[in-house]
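Worksheet: the structure to be examined is printed underneath.
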Amino acid sequence: MAQDRAEDPAAAKERGRQHKVAVVTALLTFAGTLISSAAVVIAAVIAAPDAVREALGDRIAVTTTATATVTMTTTTTATPSAARDGEQTSAGTGAVLSVNEAVADDSCGSLGGNAWKDGIALLGGETTPAPGMICLVSQRGAMDGTMDFVVPQGATTFTAKAGIDRGSANAAAQVEFSVLALDGQVLDKRVATYTESPTMTAQVGSTSRITLKILVLKGNSTSTGDSFRLAWISPKFQTGP
Numbered sequence: 014m015a016q017d018r019a020e021d022p023a024a025a026k027e028r029g030r031q032h033k034v035a036v037v038t039a040l041l042t043f044a045g046t047l048i049s050s051a052a053v054v055i056a057a058v059i060a061a062p063d064a065v066r067e068a069l070g071d072r073i074a075v076t077t078t079a080t081a082t083v084t085m086t087t088t089t090t091a092t093p094s095a096a097r098d099g100e101q102t103s104a105g106t107g108a109v110l111s112v113n114e115a116v117a118d119d120s121c122g123s124l125g126g127n128a129w130k131d132g133i134a135l136l137g138g139e140t141t142p143a144p145g146m147i148c149l150v151s152q153r154g155a156m157d158g159t160m161d162f163v164v165p166q167g168a169t170t171f172t173a174k175a176g177i178d179r180g181s182a183n184a185a186a187q188v189e190f191s192v193l194a195l196d197g198q199v200l201d202k203r204v205a206t207y208t209e210s211p212t213m214t215a216q217v218g219s220t221s222r223i224t225l226k227i228l229v230l231k232g233n234s235t236s237t238g239d240s241f242r243l244a245w246i247s248p249k250f251q252t253g254p
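This is the structure we're talking about:
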């Protein structure tokens, strides 16, 4: 019995050593598994980064240094601003205006005259025909006509050349051209003749809409023809003065 008791500490020590060996072995086995898995991933990233990217999606950045970084990107879609006053907008700054962009218009003749049209005209004092908005006046006496346009956001100035087409039969006509703000304020007003074609410049930064108005001051001619074509040539909204 004494000998058995003497051997107990040695047996206990042996069992403790075996337990530690088992634990260490298990830990080493687990670590080996992790290392092997990591090695496989690293090898895949290095050898075939495109395949890894395809498998994980477009939001992962893969480099040959075996670093994979996932990023989340928030995309914001810009929505165009609505037209002021809920109206359709004009073509924008720098573009020649078209009759089709007018939000309201009256023909150039109070008694049911001719309609405004896009066209080309050669004005007095000019050497080259240019595009613009044109109306044929074929009635005698005073008459007027208007077109309204929405001012694009950011526009500060409206410019145009105003005058009478040199190809008109009536060389004695006189026409008053005006640019009006939404509240009726006159922003610019000029008189054009067969030989004189003023440049219109109106500051439009404080109004959301303008009216282009013509008033025939003299339409009768001493010649055999009384018709003439009046025009707003190269009408544009600008962002500068």
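Numbering of the sequence shown is given in my numbering, commencing with residue 14 and proceeding in unit increments. Cβ coordinates follow ideal geometry from the N, Cα and C atoms, glycine included.
Distance, residue j Cα to residue i Cα
i      : j      : result
Ala134 : Ile223 : 23 Å
Thr106 : Asn183 : 34 Å
Leu136 : Pro142 : 7 Å
Asp178 : Thr159 : 18 Å
Asp196 : Phe162 : 14 Å
Gln187 : Ala108 : 28 Å
Asp239 : Gln198 : 32 Å
Leu225 : Phe190 : 7 Å
Asn127 : Ile147 : 10 Å
Thr208 : Val116 : 31 Å
Leu230 : Met156 : 8 Å
Val164 : Gly176 : 23 Å
Given residue i as reference, the closest of the options once Cα atoms are compared
i      : options                           : result
Thr212 : Pro144, Gly218 and Arg203         : Arg203
Leu149 : Gly253, Phe241, Trp245 and Ala186 : Phe241
Trp129 : Thr252, Lys249 and Leu243         : Leu243
Ala173 : Val192, Asn127 and Thr206         : Val192
Gly218 : Ile246, Gly167 and Leu230         : Gly167
Ala205 : Ala194, Gln216 and Leu228         : Leu228
Ile246 : Gly132, Ser120 and Asn113         : Gly132
Lys249 : Pro144, Ala185 and Ala194         : Pro144
Ser210 : Ser120, Gly138, Phe171 and Val112 : Gly138
For residue i, the three-state DSSP class (helix, strand or coil)
i      : result
Val217 : coil
Val112 : helix
Arg203 : strand
Ala185 : coil
Asp196 : coil
Ile227 : strand
Ser191 : strand
Thr208 : coil
Chain D within 9 Å of residue i, Cβ atoms only
i      : result
Val217 : Absent from the structure is chain D; it holds one protein chain and no more.
Extent of the continuous beta strand (DSSP E) run through residue i
i      : result
Gly132 : Lys130 to Ala134
Cys148 : Ala143 to Val150
Met160 : Asp157 to Val163
Ser247 : Phe241 to Gln251
Gly137 : Where Gly137 is concerned, there is no enclosing beta strand (DSSP E), given that its DSSP letter is neither H nor E.
Thr170 : Thr170 to Ile177
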